[in-house]
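Asker: Right, I'll just put the structure down here and ask away after.
Number of protein chains: 2
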Amino acid sequence: MRFASLIDAIPADSRPVTLPGAENWMQGRTLFGGASAALALEAARRALPGLPPFRAAQVGFVAPVGANLAFTVEIVRQGRNVTQVRSDIASDGKLALTALMLFGDSREPNAVHPAARADPWPGPPEDCEALGSGPANFFTQNMEIRRAQDERGRGVPIMRRWVRLRERDGLDPIIQAIVLGDALPPGSMRAMQRQGPLSSINWSFNLLDPEARTRDGWFLAETAGDHADHGYSSERLRLWNADGQQVLAGMQAAAIFG
Amino acid sequence: MRFASLIDAIPADSRPVTLPGAENWMQGRTLFGGASAALALEAARRALPGLPPFRAAQVGFVAPVGANLAFTVEIVRQGRNVTQVRSDIASDGKLALTALMLFGDSREPNAVHPAARADPWPGPPEDCEALGSGPANFFTQNMEIRRAQDERGRGVPIMRRWVRLRERDGLDPIIQAIVLGDALPPGSMRAMQRQGPLSSINWSFNLLDPEARTRDGWFLAETAGDHADHGYSSERLRLWNADGQQVLAGMQAAAIFG
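Quick note, the sequences are listed as chains A and B, same order. Just so you know, we're using UniProt numbering here: the first sequence kicks off at 1 and counts up by one. Just so you know, we're using UniProt numbering here: the second sequence kicks off at 1 and counts up by one.
See below:
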């Protein structure tokens with residue numbers, strides 16, 4: 001199911017819309033976090049044409065995001081280089097997502113420090129084992145997924161997968177990266193004593209390559225539980241492109257239910 | 001200069017206040033990020049007594065925070081376990097800081113995964129070399145600072161220091177941790193080719209120990225530039241207590257000027 005059909009439905013104003021095909025991008029009763037964050041970015045760009053390149057976002061997942069949405073976009077501050085924009089999504093009339101987004105012009109770099117490759121490097125996606133796309137009616141059906149780590153089952157709370165969208169035509173690589181950047185479950189899942197629901201509460205990230213370049217749509221996604229206790233986990237989320245350059249660096253708070 | 005005197009001045013409503021002694025906590029023309037984030041947390045707690053334990057925040061530094069402030073606090077969503085609160089600070093009538101804060105009750109943990117110690121461990125603060133407190137009229141005058149890494153000058157973009165507030169009486173350890181959590185300059189400073197201004201644009205963090213326990217007020221602070229280019233850097237911020245347990249995990253986007 002084309003994510004582009006959801007993107008195409010976003011208006012440039014706050015009129016309510018019903019997204020066609022949203023039911024194919026659900027994680028339970030909500031659009032999954034990567035999809036809703038990508039919609040919020042596109043709403044900001046559509047409402048405010050001429051924004052500088054997208055750099056970062058702090059996204060709060062407030063309530064389930066369904067198919068009946070209204071987008072509200074507001075410039076919080078416009079500086080010389082950097083514009084900060086709030087992009088909110090209401091679902092069935094109630095606030096469901098709120099994001100503070102950062103757009104900034106490139107400057108001649110004073111500091112250049114490329115992020116490190118994934119370690120250990122799993123090899124290119126083409127050489128890795130293909131996995132199933134998860135349960136029916138789950139958003140992962142829209143993705144190709146390949147194993148990118150040797151570890152399986154319980155253990156160190158890190159998860160790595162090569163991921164790409166099956167249908168990418170007409171979809172900006174930045175949108176693809178955001179959709180895929182929150183596609184894996186929290187790494188702390190691998191430290192759970194028993195199966196139980198998990199939920200991302202927020203997601204903050206920096207886009208390291210403002211063009212999110214990659215080959216054939218492939219990104220290496222990682223979620224790593226830095227710490228888990230008290231029913232919560234602190235997660236580190238990263239995305240590398242097919243050549244091993246890091247594209248996205250992020251973190252989130254997740255709720256780990258009993 | 002006691003940070004508690006700033007904290008004590010925060011009202012439980014949105015009446016404008018002038019913070020006594022704010023001039024001692026400035027970083028140029030703004031209160032530094034850790035101080036203003038701590039004020040936003042205290043404003044939330046004061047306006048909404050009975051909140052569950054503080055867990056996380058996504059803070060946007062929108063404009064300089066001066067001494068004449070007004071605090072606005074609003075519940076964004078109250079769920080069974082988790083309450084999300086927006087806490088904003090206006091300075092001289094204009095939005096200067098906006099934060100989405102997460103408060104959540106503890107649950108019987110399904111996943112327990114303690115964060116790792118700092119590596120390499122610098123030894124306890126008492127054994128480390130004391131450093132100066134920076135320039136006069138700079139907020140670092142309120143802190144004791146000790147070296148916690150061998151590296152000096154230009155090089156790998158990581159900075160580690162033992163830090164504590166000189167005057168801690170009456171100050172909640174969580175507030176101390178937040179004040180200190182954004183006290184170091186971005187690690188990418190060590191990758192800069194020439195001196196130039198730096199500026200944190202946002203700060204997202206999870207509080208791993210909801211009581212922020214430590215000994216004698218000491219925290220080990222780290223800023224690590226994960227990636228720098230185009231005039232921006234992606235920073236990872238961590239705080240450990242005096243016994244080496246991680247207390248705070250965070251990230252930020254910084255602007256690195258020429």
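Beta carbons are placed, not taken as given, at the ideal position from N, Cα and C, and that holds for glycine. Owing to the predicted nature of the structure, the values given are computational and were not obtained by experimental measurement.
Counting only Cβ-Cβ distances shorter than 7 Å, please list the residues of the segment 92 to 112 of chain B near chain A, keeping chain order.
Answerer: Hits within the stretch, in order: L95, T98, L100, L102, G104, S106, R107, E108, P109, N110, A111 and V112.
Asker: Check the Cβ of M1/B against every Cβ in chain A and list those closer than 7 Å, keeping chain order.
Answerer: Mapped onto the second sequence, residue 1/B falls at position 1. By Cβ distance, chain A contributes nothing, its closest Cβ being about 29 Å from M1/B, past 7 Å.
Asker: Who pairs with D229/A in a beta bridge, going by DSSP?
Answerer: For the purposes of this step, residue 229/A is taken as the residue at position 229 of the first sequence. According to DSSP, which records beta bridges pairwise, D229/A is partnered with Y232/A.
Asker: Listed from N- to C-terminal order along the chain, which residues in the segment 61 to 75 of chain B have their beta-carbon within a distance smaller than 7 Å of any beta-carbon of chain A?
Answerer: Correct list: V62 and A63.
Asker: With a Cβ-Cβ cutoff of 8 Å, do D226/B and R238/B count as a contact?
Answerer: Indexing the second sequence from 1 puts residue 226/B at position 226. Indexing the second sequence from 1 puts residue 238/B at position 238. No, the pair does not count as a contact, with Cβ atoms beyond the cut-off.
Asker: How long is the line joining the alpha carbons of Q195/B and I256/A, rounded to whole angstroms?
Answerer: Sequence index remark: in the second sequence, residue 195/B carries index 195 (1-based). Sequence index remark: in the first sequence, residue 256/A carries index 256 (1-based). Each residue's alpha carbon lies about 44 Å from the other.
Asker: Here's the rule I'm using: 16 or more other beta-carbon atoms within 10 Å means buried, otherwise exposed. How should E222/A be labelled?
Answerer: Along the first sequence, one-based indexing puts residue 222/A at 222. The residue is buried, with at least 16 neighbouring Cβ atoms inside 10 Å.
Asker: Closest by CA to S91/A, which one among L31/A, P52/A and A148/A?
Answerer: As a position in the first sequence, residue 91/A is number 91, starting the count at 1. Nearest of L31/A, P52/A and A148/A to S91/A, Cα basis: L31/A.
Asker: Taking C-beta pairs closer than 9 Å, name the residues in chain B that Q149/A reaches, listed in chain order.
Answerer: For the purposes of this step, residue 149/A is identified with residue 149 of the first sequence, where counting begins at 1. The premise fails here: Q149/A is roughly 17 Å from chain B at the closest Cβ pair, so nothing lies under 9 Å.
Asker: Alpha carbon to alpha carbon, how far is E211/A from L198/B?
Answerer: To locate residue 211/A, count along the first sequence from 1; it is residue 211. To locate residue 198/B, count along the second sequence from 1; it is residue 198. Taking the straight line from one Cα to the other gives about 24 Å.
Asker: Taking D229/A as the query, report the chain B residues whose CB atoms sit under 7 Å from its CB, ordered along the chain.
Answerer: Along the first sequence, one-based indexing puts residue 229/A at 229. Chain B residues near D229/A: P109 and V112.
Asker: Tell me where the beta strand (DSSP E) around V247/B begins and ends.
Answerer: Position 247 of the second sequence, counting from 1, holds the residue named residue 247/B. Its beta strand (DSSP E) spans residues Q246 to I256.
Asker: Please decide whether G225/A counts as near chain B, where near means a Cβ-Cβ distance under 8 Å.
Answerer: Stepping through the first sequence from its first residue, residue 225/A is reached at position 225. Yes, because at least one Cβ of chain B sits closer than 8 Å to the Cβ of G225/A.
Asker: Label A37/B either buried or exposed according to how many other C-beta atoms from any shown protein chain fall within 10 Å of its C-beta, with 16 as the threshold for buried.
Answerer: One-based indexing of the second sequence puts residue 37/B at position 37. Buried: at least 16 other Cβ atoms inside 10 Å.
Asker: Buried or exposed for D209/B, please, with buried defined as at least 16 other CB atoms from any protein chain shown within 10 angstroms of its CB.
Answerer: As a working note, residue 209/B is residue 209 in the second sequence. Buried, by the Cβ-count rule.
Asker: Quick check on A47/B: buried or exposed, where buried means 16 or more other Cβ atoms within 10 Å of its Cβ?
Answerer: On the second sequence, residue 47/B is found 47 positions in, with the first residue counted as 1. Counting Cβ neighbours within 10 Å, A47/B comes out buried, since at least 16 surround it.
Asker: Using a threshold of 8 Å, state whether the C-beta atoms of L97/A and G66/A are closer than that.
Answerer: Against the first sequence, residue 97/A aligns to sequence position 97. Against the first sequence, residue 66/A aligns to sequence position 66. For L97/A and G66/A, no; Cβs fall outside 8 Å.
Asker: Measuring straight from C-alpha to C-alpha, what distance separates A116/A and A242/A?
Answerer: Here residue 116/A is taken as the residue at index 116 of the first sequence, counted from 1. Here residue 242/A is taken as the residue at index 242 of the first sequence, counted from 1. Their backbone Cα atoms lie some 14 Å apart in a straight line.
Asker: Would you say G196/B reaches chain A, if we count a Cβ-Cβ gap shorter than 8 Å as a contact?
Answerer: To locate residue 196/B, count along the second sequence from 1; it is residue 196. Yes, G196/B lies at the interface with chain A (some Cβ there is under 8 Å from its Cβ).
Asker: Taking only runs that begin and end inside the segment 129 to 156 of chain B, name each unbroken beta strand (DSSP E) of 3 or more residues, in chain order.
Answerer: Segments of the beta strand (DSSP E) lying fully in the segment 129 to 156 of chain B: 143 to 147.
Asker: If you run the structure through DSSP and keep just helix, strand and coil, what is Q58/B?
Answerer: Counting from one through the second sequence, the residue named residue 58/B turns up at place 58. In this structure, Q58/B counts as strand in the three-state DSSP scheme.
Asker: Determine whether the Cβ of N202/B lies closer than 8 Å to any Cβ atom of chain A.
Answerer: Locating residue 202/B in the second sequence gives position 202, counting from the first residue. For N202/B, the answer is yes, since a Cβ of chain A falls inside 8 Å of its Cβ.
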